[in-house]
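Asker: Heads up: the protein sequence lines correspond to chains A and B, in order.
For the first sequence, the numbering used here gives the first residue as 1, with consecutive numbering after it.
For the second sequence, the numbering used here gives the first residue as 1, with consecutive numbering after it.
Note that beta-carbon positions come from the ideal geometry of N, C-alpha and C, so glycine has one too.
Computed from a predicted structure; not experimentally measured.
I'd like to ask some things about the structure below.
Protein chains: 2
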Amino acid sequence: MTQFSKRKKPTLSEYINGIQSGNRILLSRAITLIESTSPKHVKLAQEIISECLKLKSKSRRIGITGAPGVGKSTFIEQLGTQLIEKGHQVAVLAVDPSSQVSKGSILGDKTRMDTLSTNPKAYIRPSPAGTSLGGVARKTRETIILCEAAGYDTILIETVGVGQSETIVHSMVDFFILLLLPGAGDELQGIKRGIVEMADFAIVNKADGDRDPLVKQTVASYRNALHLFQAKSSNWVTKVNACSALENRGIDKVINEIENYFKLINENDFINVNRQNQAKFWFKETLQSLFETQIFENMDIQKRYNLLEQKVLDGKISPFLGAQEVIDFVFKK
Amino acid sequence: MTQFSKRKKPTLSEYINGIQSGNRILLSRAITLIESTSPKHVKLAQEIISECLKLKSKSRRIGITGAPGVGKSTFIEQLGTQLIEKGHQVAVLAVDPSSQVSKGSILGDKTRMDTLSTNPKAYIRPSPAGTSLGGVARKTRETIILCEAAGYDTILIETVGVGQSETIVHSMVDFFILLLLPGAGDELQGIKRGIVEMADFAIVNKADGDRDPLVKQTVASYRNALHLFQAKSSNWVTKVNACSALENRGIDKVINEIENYFKLINENDFINVNRQNQAKFWFKETLQSLFETQIFENMDIQKRYNLLEQKVLDGKISPFLGAQEVIDFVFKK
Numbered sequence: 001m002t003q004f005s006k007r008k009k010p011t012l013s014e015y016i017n018g019i020q021s022g023n024r025i026l027l028s029r030a031i032t033l034i035e036s037t038s039p040k041h042v043k044l045a046q047e048i049i050s051e052c053l054k055l056k057s058k059s060r061r062i063g064i065t066g067a068p069g070v071g072k073s074t075f076i077e078q079l080g081t082q083l084i085e086k087g088h089q090v091a092v093l094a095v096d097p098s099s100q101v102s103k104g105s106i107l108g109d110k111t112r113m114d115t116l117s118t119n120p121k122a123y124i125r126p127s128p129a130g131t132s133l134g135g136v137a138r139k140t141r142e143t144i145i146l147c148e149a150a151g152y153d154t155i156l157i158e159t160v161g162v163g164q165s166e167t168i169v170h171s172m173v174d175f176f177i178l179l180l181l182p183g184a185g186d187e188l189q190g191i192k193r194g195i196v197e198m199a200d201f202a203i204v205n206k207a208d209g210d211r212d213p214l215v216k217q218t219v220a221s222y223r224n225a226l227h228l229f230q231a232k233s234s235n236w237v238t239k240v241n242a243c244s245a246l247e248n249r250g251i252d253k254v255i256n257e258i259e260n261y262f263k264l265i266n267e268n269d270f271i272n273v274n275r276q277n278q279a280k281f282w283f284k285e286t287l288q289s290l291f292e293t294q295i296f297e298n299m300d301i302q303k304r305y306n307l308l309e310q311k312v313l314d315g316k317i318s319p320f321l322g323a324q325e326v327i328d329f330v331f332k333k
Numbered sequence: 001m002t003q004f005s006k007r008k009k010p011t012l013s014e015y016i017n018g019i020q021s022g023n024r025i026l027l028s029r030a031i032t033l034i035e036s037t038s039p040k041h042v043k044l045a046q047e048i049i050s051e052c053l054k055l056k057s058k059s060r061r062i063g064i065t066g067a068p069g070v071g072k073s074t075f076i077e078q079l080g081t082q083l084i085e086k087g088h089q090v091a092v093l094a095v096d097p098s099s100q101v102s103k104g105s106i107l108g109d110k111t112r113m114d115t116l117s118t119n120p121k122a123y124i125r126p127s128p129a130g131t132s133l134g135g136v137a138r139k140t141r142e143t144i145i146l147c148e149a150a151g152y153d154t155i156l157i158e159t160v161g162v163g164q165s166e167t168i169v170h171s172m173v174d175f176f177i178l179l180l181l182p183g184a185g186d187e188l189q190g191i192k193r194g195i196v197e198m199a200d201f202a203i204v205n206k207a208d209g210d211r212d213p214l215v216k217q218t219v220a221s222y223r224n225a226l227h228l229f230q231a232k233s234s235n236w237v238t239k240v241n242a243c244s245a246l247e248n249r250g251i252d253k254v255i256n257e258i259e260n261y262f263k264l265i266n267e268n269d270f271i272n273v274n275r276q277n278q279a280k281f282w283f284k285e286t287l288q289s290l291f292e293t294q295i296f297e298n299m300d301i302q303k304r305y306n307l308l309e310q311k312v313l314d315g316k317i318s319p320f321l322g323a324q325e326v327i328d329f330v331f332k333k
């Protein structure tokens, strides 16, 4: 395996060859390029991504969410380890909006997954920092492409159950797992309806020791509740299971359901339809963010923007009319 | 008061004069124009808004959020009624993202506020429907301007505690109230930290009957918790009170705190600084949404967009590179 010093900058083809041959150091350095804001890095990163896209790997992208304390790390540790035992290669990524403020991040402490993090078939990468959730999302999506090119056929993306991050993760995965704690009534209240609706698989974790009646009751409540939702366009009926990641019980059944799901969506082609819709969505999102960058880079537009912003601030025109004038200026130029 | 039939279309000046003289029918029809997507209606609506902006009313914009079941309607009913008794005119609006899916909406059922809805000094308008939360937000912001022009000096904006709607409402108000249920421990878990941080006033509602110890404990817990947060740029220290909207106890103290807050932010000018920042933010948001409209209205750009989107879908280029090419095309044209 070629070694690159920190100082020597690999070329595009060195990156591509390195990533494809499973060189983790080059993979990590390429991801760091994705996370960079320097225009030179952005350019190289995009070239690497475009090359990696051509490899068209067959992968499974799985999102995992749940409130803090539900045991996401232990669950991912067990799930990842068992998937590797079945012959898979597993990458674990994270989308953590709180890292925008605290600069901390989930997965930052790899020791929380000490079995998985030392497994040569696993690759764990903490959430990128970023000024916006949109930026974090783009970087994570691009990291998925690189990990797939590096041969990881199962991508697990962890997120905490706050704000918009689940929606973002849902828009980049094929399968979406919601982890729950035993204790039905309150749980059903506490978790946002929208997230339960997004879930393909609700798993009551911490079915440990003597909690059996409560676990059964929770599973039953969710099964009942999920009946009320509309059928999914994947034709998949959302499953509700129990497991104990800590005691390593029920994970095999989780893997079975994952197999069933991917069998179904490969047969009915939902996997491709869904990924195409996701790509359309992200294309649009990226366009929006580049448009903003462009406005602030062109002096003439910037001037006009400032002028109209001031008019809006002075209450002379509505934000809508002000924005309309900027648009007219941009498109008439 | 001039009457207009449903068929006769009022002119711009008839709208302005009608709104300013407190004609509720014309106010409602102008808001319906804001909610319309027809270009003719949008144009007229924007002219009305621009005229109304010039009136520069002195108003208080107050956001109210809380989980379903916390008693928002009863609280608003009591707060609104007592504010009117003190000489104010009160408009009640709503931002309800769920109305995008269900087409239902909070405030849709005005009978939930039967005292307030029949009060001639109150104006109640349900959440606009919309395809996006951004669209709903713009319409609500513009509705605020019209209500203020119509003489309503207190604007109460209700939202349910799900997803991004509180953040949206927070970005259009001067003061943000979070309603809570008695029962400290779980409550502190259940409500997203970000929302508690946004609150200027946390009110434990349903301090009814014999719940006194629990209410006191909840208030104390929140007071402790809020100590941990950073000081607000308004220099206001977030208050925690209890009230029973149902039994009409404690609402007078709520009004006192509202008075204290607006006294402070008028003195230190935070009210203007904050509104200017909000206007800047909304200007940018509107620009983004108009940019998207523009792309889909220009045939050349639309063609290029479709071409590049297809390349992205075929995995030939990354969404970033595709979007960059669209931007280059738009800005070089």
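1. Could you give the distance in angstroms between the alpha-carbon of Pro68(A) and the alpha-carbon of Leu146(A)?
2. Can you list, in chain order, the residues of its chain with a C-beta nearer than 7 Å to that of Tyr261(B)? Leave out the 5 residues immediately preceding and following it.
3. Report yes or no: is there a C-beta of chain B within less than 8 Å of the C-beta of Lys280(A)?
4. Under the rule that 16 or more other beta-carbon atoms within 10 Å means buried, what is Asn23(A), buried or exposed?
5. Who are the neighbours of Pro319(B) on chain E, taking C-beta pairs under 7 Å?
6. Using the C-alpha atoms, what's the distance from Thr218(A) back to Glu187(A)?
7. Under 8 Å, CB to CB, which of the residues in the region 246-277 of chain A have a partner in chain B?
8. Which bits of chain B does Leu410(A) rub up against, with CB to CB less than 7 Å?
9. Straight-line CA distance for Ile48(B) to Ser59(A)?
10. Taking its Cβ as the centre, do 16 or more other Cβ atoms sit within 10 Å of Ala231(A), making it buried, or is it exposed?
11. How about Leu246(B) and Thr115(B): are their beta carbons less than 8 Å apart?
12. Does the ligand ZN have even one heavy atom less than 7 Å from the beta-carbon of Pro39(A)?
13. What does Ser50(B) touch in chain A if you count any residue whose Cβ is under 7 Å from its own?
14. Please state the DSSP three-state secondary structure of Glu158(B).
15. DSSP state of Tyr15(B), grouped into three classes?
16. Whole angstroms are fine: how far does the CA of Thr154(A) sit from the CA of Val254(B)?
17. In this structure, does DSSP put Leu169(B) in helix, strand or coil?
18. Going straight from the alpha carbon of Ser117(A) to that of Gly71(A), what length do you get?
19. I want to verify the contact list: residues of chain B whose CB lies under 7 Å from the CB of Val312(A), in sequence order.
20. Could you give the distance in angstroms between the alpha-carbon of Ser21(A) and the alpha-carbon of Ala202(A)?
21. In this structure, does DSSP put Ile255(A) in helix, strand or coil?
22. For Ser102(A), would you say it is in contact with chain B, using Cβ-to-Cβ distances shorter than 8 Å as the test?
23. Let me see if you follow: with CB-CB separation under 8 Å, is Ala129(A) close to chain B or not?
24. Is it true that the region 323-330 of chain B meets the region 301-309 of chain B, where meeting means three or more beta-carbon pairs spaced less than 8 Å apart?
25. Roughly how many angstroms lie between the CA atoms of Leu264(B) and Gly135(B), to the nearest whole one?
26. What residue from Gln46(A), Thr37(A), Ala207(A) has the CA that sits closest to Glu325(B)'s CA?
27. Out of curiosity, what's the CA-to-CA distance linking Val169(A) and Lys206(B)?
28. Just mark Pro337(B) as buried or exposed, buried being the case when its beta carbon has 16 or more other beta carbons within 10 Å.
29. In chain B, which residues lie with their C-beta within 9 Å of the C-beta of Val70(A)?
30. Between Glu292(B) and chain A, is the shortest Cβ-Cβ distance under 8 Å, so that the two count as touching?
31. Quick check on DSSP: helix, strand or coil for Gln100(A)?
32. At the 8 Å Cβ level, is Val326(A) part of the contact set with chain B, yes or no?
33. Beta-carbon within less than 6 Å of Val204(B)'s beta-carbon, same chain only, minus the 5 sequence neighbours each way: which residues are those?
34. Look at the alpha carbon of Glu309(A) and the alpha carbon of Pro319(A), and state the distance between them as a whole number of angstroms.
35. Starting from Val90(B), follow its DSSP beta bridges and name the residues at the other end.
36. Is the distance from the Cβ of Pro128(B) to the Cβ of Lys139(B) below 8 Å?
Answerer: So, to answer that:
1. 29 Å
2. Phe175, Asp200, Trp236
3. yes
4. buried
5. Judged by its chain identifiers, the structure shown contains no chain E, and its protein chains are A and B.
6. Legend: pLDDT at Glu187(A) = 49, less than 50; position of this residue unreliable, value from coordinates given subsequently. Approximately 9 Å between the Cα atoms of the pair.
7. Gln276
8. What is shown of chain A runs 1 to 333, which leaves residue 410(A) out entirely.
9. 54 Å
10. exposed
11. no
12. No copy of the ligand ZN appears in this structure; indeed no ligand is present at all.
13. Ile317, Ser318, Leu321
14. strand
15. helix
16. 54 Å
17. For the record, residue 169(B) in the displayed sequence is Val; it is not Leu. DSSP places Val169(B) in helix when its eight states are reduced to three.
18. 17 Å
19. Ala279, Phe283
20. 36 Å
21. helix
22. With a pLDDT of only 41 at Ser102(A), under 50, the local geometry of the prediction cannot be trusted, and the value read off the model is given with reservation. By this cut-off, Ser102(A) is not an interface position.
23. no
24. yes
25. 32 Å
26. Gln46(A)
27. 37 Å
28. There is no way to answer for residue 337(B), as the model of chain B reaches only from 1 to 333.
29. Ordered by position in chain B, no residue passes the 9 Å Cβ test against Val70(A), which lies about 12 Å from the chain.
30. yes
31. Its pLDDT being 42, under 50, Gln100(A) is placed unreliably by the model, and the measurement read from it follows with that caveat. Of the three classes helix, strand and coil, the one that applies to Gln100(A) here is helix, per DSSP.
32. yes
33. Leu180, Pro182, Val215, Thr218, Val219, Ala242
34. 8 Å
35. Ala122(B), Thr154(B)
36. yes
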